[in-house]
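S.K.:
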Amino acid sequence: MGNRSKDKANIEYRISNIEKRKKMYGLSKFDVRCPKFEPNTCHAGIYIHIPFCVRKCHYCDFYSVTDHSLVKEFVDALILEMEMFSEVGLLFDTLYIGGGTPSVLESTEIDRIIKKALPLFQIASDSEITIEVNPGTVTPESLKNFRQSGINRINIGIQSFHDGNLKVLGRIHSAEEGKTAIKCARNAGFENIGLDLISGIPKQTEKSWLFDLETALQFEPEHLSCYMLTYEHGTPLYKDFENGELSPLPEPLAVSLFRSTGDFLENKGYIHYEISNFARSEETISRHNTKYWNFTPYIGLGPSAHSFYGTKRSWNRRSVKDYINDIDSGIMPAEGEEDLSMEQQIIEAIFLGLRQKCGIDIGSFNEKFNVRFEDIFRETIPDLSKKELIVICDGRCALTRKGMVLLDSICAEFVCRES
Ligand code: SF4
C-alpha cells in the first residue's frame, strides 16, 4: 500500500481551509453537491483512506500511523463523514479502500464501513469494490470475511518474492507470507486479484526482478502494478542513501528493468495500459485508478484523502486526531482546496494522458480547451516523434516504450518549451 496512492500523488495539491471549501460550493457545510456534474449522470469513485499500518516501511512517505489506539474512534468518524457526503448527488461505480493498511482493521470494522457506504451512496450494482491488504495482516478467515462483505477486488502489497528485498524495504512480511496471502485470497473467492511489486531495489539484478515477475505470474493475477522504487525525502531509505549506506541502482539498469517488465508481461498477454500498471484483460483494468487519470470525479474520505470534482480538488486533514476532532465538532475535516486554472488543467491533461498507453485523445483535448493540440505543440510534436518518444496515431498522442521511461522530461518538453 502507499504505492497505490502514488497514482494520485502525481497530482499536486495546494492548501486552503474549510471556509474556502464551503465558499467554493456556495453551500452549507454538509451539502457538497458538485456544481459541475448533474446528479446521476457520471460514474464517480469513492476512495476511503485507512490511515493505520503495523510499522512504517522504509520507503514510504504516505500518511499512516502505527498507533492504533484511535481505530474505533476513526471508524466512527469515517461513518459520520460518509453521512456528510451522502447528498453528493453522484452515481458511483467504484469504492476503493486503501491506505495505510486497511487490513489492520478487524474485518468486522471493514464490514461496518461497507455496510454503511452501500445504502448511503448511489453505488451501481456492478461496482468494483477494492481493498488493499498487506500479506502480514491477513488470515484465511479475514479474507473470506472481506469477500463476504461484498469486496470483489483485492490488491495485495507483495513488493518482492525475495526476503532480502523485503528486509531492505522494511516490509513486515516474508516472501512466503506473500504467496500464502495470494493463495488464501483465491480460496476466499477473489476472482480479481492485483499484486503490487517494486523494482529498482538496491542490489536487485535483472535476473532477480524477472524471478519476481515469474513468481507473480504463477498465481495468474488479474492485475499487476510494478512501481519503481523512489527515494522520498525524510524516509529511512532516503537517510540510508544520504549516509552512503545504500546506493540506488545505476540508472541504465533501472531503465532496463522497466523495459524488461513491459516486454515480459506483454509477452505473457498482459495489457500495459498505464506506465506502472498491467491487466490480464480489458475487464481487469483498474476502473477506480483510471478515474484519477481521466479527470473523473471522486470523493475521498478519511485523513489526507483527496476529492476531485470538475476543476476542483480538496483534501482532508492529515492527522487522525484532527480528523476525528473536526468530525466530532460537526464540521467537514477539510484542510485545503484548489481550483485548477486552465493552464494547470492542460498540464495535467498532458501528464495524465501520457501516463496511459492510449495517450491523449487529441479531439477531446481540443474540444475541452478550445485549442488545436497540433498548433500549440507544433515544435514539440515533430521533435519527439522524430526521436521515437511519442507516436501520433488514430487521433491520439501516446508515448512509445522508449518514451515511457522519460515521462517526466517529455512532459516538461510539452509544458515548458512552447508555453
Ligand atoms: S504498508 Fe508500508 S508502504 Fe503501505 S502505507 Fe503502510 S508503511 Fe506505507
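Heads up, the sequence shown is in the numbering used here, so the first residue is 893 and it goes up one at a time. We put the CB at the ideal spot given by N, CA and C, even for glycine.
#1: From what residue to what residue does the alpha helix (DSSP H) around V996 run?
#2: In chain order, what residues of the same chain lie with their CB nearer than 6 Å to the CB of E1001, ignoring the 5 residues before and after it?
#3: In this structure, does DSSP put L1299 in helix, strand or coil?
#4: Less than 9 Å between the beta carbons of I1191 and G990, yes or no?
#5: Going by alpha carbons, who is nearest to M1120 out of L1109, Q1110, G1154?
#6: Whole angstroms is fine: what's the gap from C838's alpha carbon to I1254's?
#7: In terms of residues, what are the limits of the alpha helix (DSSP H) holding N1026?
#8: Pull up the CB-CB distance for A1073 and V1025, whole angstroms please, since I reckon it's below 8 Å.
#9: Please go through the same chain and pick out, in chain order, the residues whose beta-carbon is closer than 8 Å to the beta-carbon of L1337, but skip the five residues on each side of it.
#10: For ligand 1, I want to know if E1210 counts as a neighbour, meaning its beta carbon is within less than 8 Å of at least one of the ligand's heavy atoms.
#11: Could you tell me which uninterrupted beta strand (DSSP E) segments, each at least 3 residues in length, are contained entirely in the stretch 1157-1207, listed from first to last along the chain?
#12: Quick one: residues in its chain with C-beta nearer than 8 Å to the C-beta of L970, no 5 flanking neighbours on either side, listed in chain order?
#13: Under 8 Å, with one C-beta from each stretch per pair, do the stretch 1234-1250 and the stretch 1208-1226 reach the 3-pair mark?
#14: Helix, strand or coil: how does DSSP classify N1084 here?
#15: What are the uninterrupted segments assigned as alpha helix (DSSP H) that are 4 or more residues long and contained completely in the stretch 935-983, given in chain order?
#16: Measure how close the beta-carbons of L1281 and T1292 come, nearest whole angstrom, since I'm counting them as under 8 Å.
#17: Let me know the secondary structure DSSP gives T1122 once reduced to three states.
#18: Where DSSP assigns a beta bridge to R1045, which residues make up the other side?
#19: Check Y917 in the structure and name its three-state DSSP category.
#20: Three or more beta-carbon pairs under 8 Å between the stretch 1085-1102 and the stretch 1112-1119, yes or no?
#21: Give me the DSSP bridge partner(s) of S1117.
#22: Taking 8 Å as the threshold, find out whether the stretch 1073-1087 comes into contact with the stretch 1028-1039 through three or more Cβ pairs.
#23: Round the Cβ separation of H1180 and Y955 to the nearest angstrom and send it over; I've been treating them as touching at under 8 Å.
#24: Out of curiosity, what's the CA-to-CA distance linking G1042 and K1008?
#25: Out of curiosity, what's the CA-to-CA distance linking P1140 and T958?
#26: Can you tell me whether A1304 is buried or exposed, with buried defined as 16 or more other CB within 10 angstroms of its CB?
#27: Buried or exposed, going by whether 16 or more other CB atoms sit within 10 Å of the CB of N1208?
#28: According to DSSP, is S1017 part of a helix, a strand, or is it coil?
#29: Looking at S1322: is its Cβ nearer than 9 Å to the Cβ of E1230?
#30: Verify whether the separation of the beta carbon atoms of E1098 and L1061 is less than 9 Å.
#31: DSSP three-state label for C1250, please.
#32: Applying the 10 Å Cβ sphere with the 16-neighbour rule, what's the burial state of Q1096?
#33: In or out: D1286 buried (at least 16 other Cβ within 10 Å) or exposed?
#34: From which residue to which residue does the alpha helix (DSSP H) around R1063 run?
M.R.: Taking the structure as given:
#1: Locating residue 996 in the sequence shown gives position 104, counting from the first residue. Looking at the DSSP string, V996 is not in any alpha helix (DSSP H), and its letter there is neither H nor E.
#2: In the sequence shown, counting from the first residue as 1, residue 1001 sits at position 109. Result list for E1001: V967, in chain order.
#3: Within the sequence shown, the letter at position 407 stands for residue 1299. Helix at L1299.
#4: Against the sequence shown, residue 1191 aligns to sequence position 299. Against the sequence shown, residue 990 aligns to sequence position 98. No.
#5: The residue labelled residue 1120 in the question sits at position 228 within the sequence shown. That would be G1154, whose Cα lies nearest to the Cα of M1120.
#6: Only positions 893 to 1311 of the chain appear in this structure, which leaves residue 838 out of reach.
#7: Position 134 of the sequence shown holds residue 1026. For N1026, no alpha helix (DSSP H) run applies, since DSSP gives it neither H nor E.
#8: Within the sequence shown, residue 1073 is the residue found at index 181, counting from 1. Within the sequence shown, residue 1025 is the residue found at index 133, counting from 1. Between the beta-carbon of A1073 and that of V1025 there is about 7 Å, and that keeps the pair under the 8 Å contact cut.
#9: Look at the range of the chain in this structure, 893 to 1311, and you will see that residue 1337 is not part of it.
#10: Walking along the sequence shown from the start, residue 1210 turns up at place 318. For the sequence presented, residue 1210 should be read as Arg rather than Glu. R1210 Cβ: outside cutoff for every heavy atom of ligand 1.
#11: 1163-1166, 1169-1171, 1190-1193, 1198-1201
#12: Looking up residue 970 in the sequence shown gives position 78. The answer, listed in chain order, is I940, I1005, L1193, G1194.
#13: no
#14: To locate residue 1084, count along the sequence shown from 1; it is residue 192. Looking at N1084 - three-state DSSP - the assignment turns out to be coil, as it is neither helix nor strand.
#15: 963-977
#16: For the purposes of this step, residue 1281 is taken as residue 389 along the sequence shown, with counting starting at 1. For the purposes of this step, residue 1292 is taken as residue 400 along the sequence shown, with counting starting at 1. Yes, L1281 and T1292 are in contact; Cβ-Cβ is about 6 Å, under 8 Å.
#17: For the purposes of this step, residue 1122 is identified with residue 230 of the sequence shown, where counting begins at 1. Judged by DSSP in its simplified three-state form, T1122 adopts coil rather than helix or strand.
#18: Translated into positions along the sequence shown, residue 1045 becomes position 153. According to DSSP, which records beta bridges pairwise, R1045 is partnered with T1022.
#19: Taking the first residue of the sequence shown as 1, we reach residue 917 at position 25. For Y917, the predicted structure reports a pLDDT of 30, less than 50, and the residue's modelled location is therefore unreliable. A value from the coordinates is still provided. Three-state DSSP puts Y917 in a helix.
#20: yes
#21: As a position in the sequence shown, residue 1117 is number 225, starting the count at 1. S1117 is bridged by DSSP to D1088, N1169.
#22: Taking a cut-off of 8 Å for Cβ pairs, the stretch 1073-1087 and the stretch 1028-1039 touch, as three or more such pairs fall below it.
#23: Here the question's residue 1180 lines up with position 288 in the sequence shown. Here the question's residue 955 lines up with position 63 in the sequence shown. Not quite, the Cβ-Cβ distance comes to about 19 Å (not below 8 Å), so this is no contact.
#24: Position 150 of the sequence shown, counted from the first residue, corresponds to residue 1042. Position 116 of the sequence shown, counted from the first residue, corresponds to residue 1008. Taking the straight line from one Cα to the other gives about 12 Å.
#25: Numbered from its first residue, the sequence shown carries residue 1140 at position 248. Numbered from its first residue, the sequence shown carries residue 958 at position 66. Approximately 27 Å between the Cα atoms of the pair.
#26: Here residue 1304 refers to the residue found at position 412 of the sequence shown. So A1304 counts as exposed.
#27: Position 316 of the sequence shown holds residue 1208. Burial call: buried.
#28: Residue 1017 sits at position 125 when you count from the first residue of the sequence shown. Three-state result, S1017: strand.
#29: Lying outside 893 to 1311, the shown extent of the chain, residue 1322 is not represented and no answer is given.
#30: Taking the sequence shown and counting its residues from 1, the one referred to as residue 1098 is at position 206. Taking the sequence shown and counting its residues from 1, the one referred to as residue 1061 is at position 169. Not a contact, by the Cβ cut-off of 9 Å.
#31: Here residue 1250 is taken as the residue at index 358 of the sequence shown, counted from 1. If DSSP states are grouped into helix, strand and coil, C1250 belongs with coil.
#32: Residue numbering aside, residue 1096 sits at position 204 when the sequence shown is read from its first letter. With 16 or more other Cβ atoms within 10 Å, it is buried.
#33: Position 394 of the sequence shown, counting from 1, holds the residue named residue 1286. The residue in question, D1286, is exposed, as its Cβ has fewer than 16 Cβ neighbours within 10 Å.
#34: Counting from one through the sequence shown, the residue named residue 1063 turns up at place 171. Premise fails: R1063 is in no alpha helix (DSSP H) and is neither H nor E.
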